[in-house]
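Report on the structure given below.
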Amino acid sequence: ELVCEYFDVSSDLVRGQTRKRHVVVARQISMYLAKEHTDCSLKKIGSHVGNRDHSTVIYSCRTVRDLMDTDDTFLQSVNDVNKKVKMHLG
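What follows is the structure in C-alpha cells.
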C-alpha cells in the first residue's frame, strides 16, 4: 500500500496483469521491499502481488537492484519508499 501511495497506483493495478511501465515499477519495488523487510518466502510474496511465480519475484528484486545501481532518480524513489516502510514498521 505504501508503494501504491508513493507511485499513485491502485493496489488492484499492481496485483493485475497490466504491463504499463509505471505499474510494473511499483509492482517490482513492492516485491523488492517485501523481500528486504519480511521473512516471507518468494512464493508467498508472489502470491500477494497477483499470484506471481517465485522466479518473477527473483527477477523483480534483481531488476530493482540493477536500476538502483544505474539510475539515481530511481534510487531516490526506492529510498523514499523504503523510509516510509521503515517508519510504518516502527
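Under this note's numbering, the residue at position 44 of the sequence shown is numbered 52, and the numbers go up by one with no gaps.
Ideal Cβ positions, reconstructed from N, Cα and C, are used throughout, including at glycine.
Can a CB atom of chain D be found closer than 7 Å to the CB of ASP74?
The structure shown contains no chain D; it is built from a single protein chain.
Does DSSP put CYS48 in a helix, in a strand, or in coil?
coil
Can you have a look at GLN36 and say buried or exposed, based on whether 16 or more other CB atoms are within 10 angstroms of its CB?
buried
7 Å Cβ shell around GLY24 - same chain, five flanking residues per side excluded:
GLY58
When the distance is taken between beta carbons, is LEU21 closer than 7 Å to VAL31?
yes
Let's see if you can read the secondary structure: which residues bound the alpha helix (DSSP H) around LYS94?
80 to 97
When the Cβ atoms of the region 40 to 54 are set against those of the region 77 to 93, are three or more pairs found closer than 8 Å?
yes
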